[in-house]
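Inspection log for the structure reproduced underneath, given as structure tokens.
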Amino acid sequence: MRAISLPWNGRNAWSSLRQEDAPATAVYKKTLTLDPRQAEIYHNLCWVYLSTHRSLDTAESLIQQALALNPSPRYRYLDTQTRIWMRQGKYEQALASLEEAIGLTPSPAREALAERYQLLAEIYRQLGRDQEAQWAHEQAANARRIGENPKEGDL
Numbered sequence: 002m003r004a005i006s007l008p009w010n011g012r013n014a015w016s017s018l019r020q021e022d023a024p025a026t027a028v029y030k031k032t033l034t035l036d037p038r039q040a041e042i043y044h045n046l047c048w049v050y051l052s053t054h055r056s057l058d059t060a061e062s063l064i065q066q067a068l069a070l071n072p073s074p075r076y077r078y079l080d081t082q083t084r085i086w087m088r089q090g091k092y093e094q095a096l097a098s099l100e101e102a103i104g105l106t107p108s109p110a111r112e113a114l115a116e117r118y119q120l121l122a123e124i125y126r127q128l129g130r131d132q133e134a135q136w137a138h139e140q141a142a143n144a145r146r147i148g149e150n151p152k153e154g155d156l
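Under the numbering used here, the first residue of the sequence shown is numbered 2, with each subsequent residue one higher.
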């Protein structure tokens with residue numbers, strides 16, 4: 002079976018379809034029946050469930066299937082897994098997933114890094130680790146500041 006080339010990718014797909022989550026769900030499910038090796042489609046379908054506050058267990062299963070396909074860039078998928086586990090109250094699991102995502106996020110992706118550090122601060126707060134939450138918040142601010150005013154050598 003060969004891979005299917007789709008006219009969309011990433012969050013653009015789910016954001017354009019999410020107004021009508023039933024059609025989006027149907028499109029993604031149909032695509033997966035044609036080629037179940039499409040990590041991005043599992044990811045997009047996961048976001049439909051996540052953004053519409055439907056079954057978090059289904060969203061978790063979908064992101065696990067996407068991660069099993071060794072997607073690239075992996076940090077985006079780990080970020081999604083983190084958000085699911087946070088909504089489920091699984092903060093220790095979310096922490097491990099997010100730490101891996103941060104480690105894999107390329108340094109030039111400053112805004113993505115800042116967003117992940119902000120999530121990290123939230124997880125630390127939920128776990129009662131206030132000093133670490135403050136540190137993560139500072140890392141987010143630093144990433145944003147460097148992203149706004151990059152100097153040679155910063156990136």
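Cβ coordinates follow ideal geometry from the N, Cα and C atoms, glycine included. As the structure is a computational prediction, the values presented were derived from the model and not from experiment.
With a Cβ-Cβ cutoff of 8 Å, do residue i and residue j count as a contact?
i: M87; j: I64; result: no
i: V49; j: D22; result: yes
i: E112; j: P72; result: no
Does residue i come out as helix, strand or coil in the three-state DSSP assignment?
i: I77; result: According to the sequence displayed, residue 77 carries Arg and not Ile. Helix.
i: K91; result: coil
i: A113; result: helix
i: L96; result: helix
i: S62; result: helix
i: A142; result: helix
i: S1; result: This structure gives no information on residue 1, because the portion of the chain shown stretches from 2 to 156.
Expressed to the nearest angstrom, what Euclidean distance is found between the alpha-carbon atoms of residue i and residue j?
i: A142; j: L128; result: 21 Å
i: P107; j: L99; result: 14 Å
i: S52; j: N45; result: 10 Å
i: A69; j: R145; result: 32 Å
i: A137; j: L114; result: 11 Å
Is there at least one non-hydrogen atom of the ligand SAM closer than 7 Å to the beta-carbon of residue i?
i: L70; result: The ligand SAM is not part of this structure, which contains no ligands at all.
With a 10 Å radius around its C-beta and 16 neighbouring C-beta atoms as the bar for buried, classify residue i as buried or exposed.
i: T32; result: buried
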